[in-house]
Amino acid sequence: MMAGKVTGLQQGAGRIFVVSALFLIAGTFLWAIQVLPVIWYWAEVIILFPPCCLSLGLWWMARGRRGDVPFVGY
Amino acid sequence: MIEALFAAVLGGLLLLGLHRKVIARVQQRPGPPVWQEVLHTLKFSFKSTWVPETASPGLFVGIVLVAIGIWTAALAVVLAGGSILIIFGVYMLHKIVEHGFGLSSGSPYGKFGAVRSVISAASEIPLFVSVAAIAVFTGSLAISDIVAYQAVNGPLLIIAPPAAFAMYLVILSKMPFSPFAIVEGKELVSGYKTEHFGVWRAGLEVANAIKTSVLLGLFLLLFLGPLSPFAFVVAIVILLVSLSFVCAVTPMLAPFDSVTIQALVTVVMLGYLVLLGVIP
Amino acid sequence: MSSLGGAPWYILEFGDELVYFTPYTTTLLILALVFTVLALVSRPERQVEALFGTDAIYAKDTTVDQMRFRRFMAIACGCASMGAVVTGDLFNFTLFVALVGITNVGIVAAVKNRHVQNAAFQYGLVALTATVPLFAGAGIVAATTGTLSIVALASGTVPQAPFFARALLCLGVVGEGMAPFYAAKAEMFRAPGAPYVIMCSLSSLLIFLRVAEVVMVI
Amino acid sequence: MIWQEYSVGLLVVLACGIVAFVALLLEWDDLHRLLLIDLVEIPSLGVIALLGTDLAEALILPGLVVGIAELLALSQIYLHKEGIADRKVSGLNIEVISKADAPVIISVILIVYGIVLSGFTGGGIAGLGIVFFFMARGAKEHFSLLEMASGVSWALWIAAFFVFMVLPQYWFLALMGAAIGILLKVTVKMALVGMMWGRPDE
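Chains as they are written, first to last, in our numbering: chain X, 917 to 990; chain U, 1486 to 1765; chain Z, 399 to 616; chain D, 25 to 226.
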């Protein structure tokens, strides 16, 4: 997930997004049919929601650019 | 949970947008549209993103995940009617998150924003006293118990107004543009957020949105008790507008003054606790 | 205890020593764990500073040798705070808190900078002094109630711990968790290495949160 | 009643603590403050000791260890802070002691007495004898060898505890193992302290 020289960054982020989103949907479904206990469902959401959220944006626009030095040119 | 999460994110962003709008109107400016914060978050997610060269990459990225994660957890606790102590912990942890945001980039602006977040630890003590006062009346710290208590005995806002005031101050100190928002002082560019741009910033906005929804909703649950969904929305808007008015008409305090005022409030609240007979 | 930190999910017993997991302590444990892992995996940042009176800026580097020591200290600090938040024994709690104090000093003391070392030394003095009320508090609780187990103290079968002892415990934790207040003097932030410095604030925060629960239940 | 005796002792300890804290407030020299704080720590152990039970003994040890660890860490920081870390130190450089037979005799007596006592207290006393010997003679020993001996005896101590838990019928063996293990460990550890006079080769 870290930007740098990785060229497949967007691809990787896309995969993370798809996997976490699938897990979230599956979790919701399993909870709705009362297979998954509610506490596990919540744990799943708390763990997976943040990466799902970030990887969507990264998949969209992370170009794998080299970082710059802050504090220069403000 | 998922639907509540989306509602909290969207609702929180709209509330923050409303906050800006009300402040602008009080100051006789047109102000941005109410959905500005939603657009803002979308805009940030579609921006080119990388990690600054001087940053500590693990922390730089990890802290965004932690920020979203802790407030999602707080939302889950509110929904489950769990212990208010956990929310208290998450609220205090938000300080560490601000701290991490600022320090991880290596930028001096972020660093000073982070230092200020440590100073603003004073704002957590009123919350703790407020929690203790609630526990005195209801005999429990579980949100569900507190709501049930109010269904029988009427809102705590009337029973224990000082506790409500302390909590109000705590929420106020975490609102943008508030007199206590020393971590986001304009002399530090954007304070701790300065170096988090693009997707990282979008993640932070999401966390802030959940935070706003959770804190405002928690205030209503703790001090007004059970409300119908419609009444809940109306009450949350009224609460927010009152906060916006305070933010609009007060200047940002210097860090020292901010800490002094919060410490004074804590002393007053401790006096209130003594009056209640908690501390012999 | 059923109403404060939530009912315990699981109690792990080693003889009379015990560790218990309520929703509250579990939350704190997970947070400590997350930040310890972050300290474990992340490289330190390079602080950008402006040279006074000029336009020049430079980025501070952290040497590998220094980093190794500070990372170790940060992880030790994370482990100590994990212990402090889950332990069910009052004396173990005070020991873990004292350990957090030492490791906090260690995290900053490795930096070869006079200002930072001065801050670390002064903080260390406070932390060392704070062990007095901390151990004294635990000792008085043991003397008046005859037990050190937080679960037994919370169950109400033994007399309640005196207010004095609880105040001493709080005082001790405040003293051990002083690091962030020294941080407010901005001296500690001359030290680069955000993942480690953040461990100082986090561990003090966690022991504050835990002692809040402990003094309420005992 | 016990509580009344306890509270009298408590008052004495608190008085000690208050005196020490006042001294701490008045003192501004960093080194003196460090020394004073070590004095302040003793009353806190006194509070625990006032319990007067086996539990108290078990609790004092970790308290003492934590205190010593903090003290050592802070002294190291003090050395670095003041820039005197590389100053040369060489034992107690007193001719009378280093040539006389007295240190040897005193050390031997302490060590024998320590072995007779066995356990933690015995280890402490025997260790004190060795510390005294090393300090008087400024001997250079094999640091790593002593560290290893300390580690092995610690392992013996732990193994004895496992015997207690798993095979309680062999309690006597375990007791002896634990007593000897802790005796050796404390002795060796204290001997190491006696040799910590900086590193002459650096």
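The C-beta atom is built at its ideal place from N, Cα and C for all residues, glycine as well.
Check for me: the alpha helix (DSSP H) holding residue i runs from which residue to which?
i	result
L526(Z)	R512 to T543
E1583(U)	I1569 to S1589
Y418(Z)	No alpha helix (DSSP H) contains Y418(Z), which is instead part of the beta strand (DSSP E) from E415 to F419.
R564(Z)	F561 to E574
Y1594(U)	P1593 to I1604
L98(D)	D78 to K105
Q1521(U)	Q1521 to S1530
R466(Z)	V462 to V484
W1556(U)	P1542 to A1565
A508(Z)	Per DSSP, A508(Z) belongs to no alpha helix (DSSP H) and is neither H nor E.
M1660(U)	Unbroken run through M1660(U): none, as it is neither H nor E.
I949(X)	Taken as a continuous stretch (DSSP letters only), I949(X) belongs to no alpha helix (DSSP H), as it is neither H nor E.
K1696(U)	G1683 to F1708
E611(Z)	A592 to V615
Y137(D)	A126 to L141
L1725(U)	P1714 to V1734
Helix, strand or coil: how does DSSP classify residue i here?
i	result
I409(Z)	strand
D62(D)	helix
V935(X)	helix
T1751(U)	helix
A1645(U)	coil
V1507(U)	helix
D110(D)	coil
D54(D)	helix
A1627(U)	strand
A179(D)	helix
D487(Z)	strand
V446(Z)	strand
S547(Z)	strand
Q1513(U)	coil
D1742(U)	helix
F1665(U)	coil
S31(D)	helix
S400(Z)	A caution first: S400(Z) carries a pLDDT of 47, below 50, which makes its placement in the model too unreliable to give a value.
W975(X)	helix
Quick test of your reading: residue i and residue j, contact by CB under 8 angstroms. State the CB separation rounded to the nearest angstrom.
i	j	result
C968(X)	V1691(U)	That belief does not hold up - the Cβ atoms of C968(X) and V1691(U) are roughly 11 angstroms apart, past 8 angstroms.
A1561(U)	W956(X)	A1561(U) to W956(X), Cβ: 12 angstroms. No contact.
T543(Z)	V556(Z)	5 angstroms
N490(Z)	E411(Z)	Not a contact, Cβ separation roughly 13 angstroms.
F494(Z)	G481(Z)	4 angstroms
G1710(U)	A1636(U)	6 angstroms
P1542(U)	S599(Z)	The Cβ separation is near 20 angstroms, so there is no contact.
P67(D)	V37(D)	5 angstroms
G1595(U)	Y1677(U)	6 angstroms
V64(D)	L48(D)	7 angstroms
L103(D)	L58(D)	In fact, because the Cβ distance is near 11 angstroms, the residues do not count as touching under 8 angstroms.
I1667(U)	S1592(U)	Not really, about 18 angstroms apart at Cβ, beyond 8 angstroms.
Take residue i and list the residues in its own chain whose beta-carbon comes closer than 8 angstroms to its own, dropping the five residues that flank it on each side.
i	result
V1752(U)	none
E226(D)	Any reading at E226(D) is ruled out, since the residue's pLDDT is 39, under 50, leaving its predicted position unreliable.
L1501(U)	E1522, P1661, N1693, A1694 and T1697
G201(D)	L180, W181, A183, A184 and V187
S401(Z)	At S401(Z), the pLDDT of 49 sits below 50, so the modelled position is not reliable and the matter cannot be decided from this model.
F1529(U)	F1682, G1683, V1684, R1686, A1687 and E1690
G486(Z)	I409, E415, L416, V417, Y418, S547, I548 and V549
Starting from the C-beta of residue i, find all residues in its chain whose C-beta is less than 7 angstroms away, skip the five residues before and the five after it, and write them out in chain order.
i	result
A215(D)	G151, I154, V155, F158 and L170
L427(Z)	M480, V483 and V484
V1551(U)	V1582
I'd like the list of long-range same chain contacts for residue i, defined as Cβ closer than 6 angstroms, with 5 residues on each side in sequence excluded.
i	result
V1722(U)	none
(Q) Against chain D, which members of the stretch 510 to 521 of chain Z pass a CB distance test of less than 9 angstroms? (A) K510, R512, Q515, N516, A518, F519 and Q520
(Q) Which residues of the stretch 927 to 959 of chain X have a Cβ closer than 7 angstroms to any Cβ of chain U? Give them in chain order. (A) L940, T944, Y957 and W958
**Q.** chain X contacts from the stretch 1665 to 1693 of chain U (Cβ-Cβ distance under 9 angstroms)
**A.** V1674, T1679, E1680, G1683, V1684, W1685, A1687, G1688, V1691 and A1692
Q) When Cβ atoms are compared, which residues of the stretch 1730 to 1748 of chain U fall closer than 8 angstroms to chain Z? A) none
Q: Could you run through the stretch 1531 to 1557 of chain U and flag, in chain order, every residue whose CB is less than 7 angstroms away from some CB of chain Z?
A: T1539, A1540, S1541, P1542, G1543, L1544, G1547 and V1551
Q) Any residues in the stretch 39 to 55 of chain D with a beta carbon nearer than 9 angstroms to a beta carbon of chain Z? Which ones, in chain order? A) G41, A44, F45, L48 and D54
(Q) Please list, in chain order, the residues of the stretch 1581 to 1596 of chain U that have any C-beta partner in chain Z closer than 9 angstroms. (A) I1581, H1584, G1585, G1587, L1588, S1589, S1590, G1591, S1592, P1593 and K1596
**Q.** Proximal residues, the stretch 420 to 439 of chain Z versus chain U, C-beta separation under 7 angstroms
**A.** P421, Y422, T425, L426, L429, V432, L436 and V439
Q | Contact list for the stretch 526 to 539 of chain Z against chain D, Cβ threshold 7 angstroms | A | L526, T527, T529, V530, F533, A534, G537 and I538
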